[in-house]
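Engineer: The opening residue of the sequence shown carries number 67 in our numbering; numbering runs sequentially from there.
Below: one structure in structure tokens.
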Amino acid sequence: MPQVTQPKHQAGDFFVDYEEKVFEDVKAREGEKALVTFHTVAFEGSIGLVNMLQATRLQRKGYETSILLYGPGVTLGLQRGFPTLGDEAFPGHQNYANQLKKFMAEGGKVYCCRFALQALYGHGEPSLIEGIRPINPLDVMDLKLLHMRDGAVIIDTWTL
67 MPQVTQPKHQ AGDFFVDYEE KVFEDVKARE GEKALVTFHT VAFEGSIGLV NMLQATRLQR
127 KGYETSILLY GPGVTLGLQR GFPTLGDEAF PGHQNYANQL KKFMAEGGKV YCCRFALQAL
187 YGHGEPSLIE GIRPINPLDV MDLKLLHMRD GAVIIDTWTL
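Right, here's the structure in full:
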């Protein structure tokens, strides 16, 4: 039987060269925009959190950045907690709320479809994290079209 003779990895070891940057660090030009859309269920995968981090990064690069929560994506913008709202029932329970609050505090805008909020998920506007702007379902497409018209960076987040 083969023997493993290499020492065990230790905390603080490096597996990759994380300092090498291959491409230039792109910053937004004056007036450039970005839109990140979410049609994904909270806690059903990592894409919701990962693309919230992408939206924050776009905002920090100087893009006027907006997030659109629609369909099941509205579940990312709901207040949560247990036993009371705001309490963290398990580590990471407030990741979505914390990330959205940080994004908005840094100037990002978050929009939420009223149709999905009420008709699909049985919530009202008081259920939303403070600062999220509820919008008419007819505004969902227009928000995306306006960003397309402006030549914005658009990241569409979908899970099935």
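The beta carbon of each residue, even a glycine, is placed where N, CA and C say it ideally should be.
Model, not experiment: these values are computed from the prediction.
1. Can you grab the Cα-Cα spacing for the pair residue 179 / residue 155, in whole Å?
2. Specify, as a first and last residue, the run of the beta strand (DSSP E) that residue 133 falls within.
3. Buried or exposed: residue 138, going by 16 or more other Cβ atoms within 10 Å of its Cβ?
4. Starting from residue 171 and walking both ways along the alpha helix (DSSP H), at which residues does that stretch end?
5. Which full runs of the beta strand (DSSP E) of 3+ residues lie inside the region 85-128, going along the chain?
6. Can you give me the C-alpha to C-alpha distance between residue 227 and residue 93, rounded to a whole angstrom?
7. Rounded to whole angstroms, what's the CA-CA distance from residue 211 to residue 73? Just pull it up for me.
Structural biologist: Well, looking at it:
1. 27 Å
2. From DSSP, the beta strand (DSSP E) with residue 133 extends over 130-135.
3. buried
4. Secondary structure note for residue 171: its alpha helix (DSSP H) is the uninterrupted segment 161-171.
5. 99-105
6. Only positions 67 to 226 of the chain appear in the structure, and residue 227 is not among them; the question remains open.
7. Between the alpha carbons of residue 211 and residue 73 lies a distance of about 56 Å.
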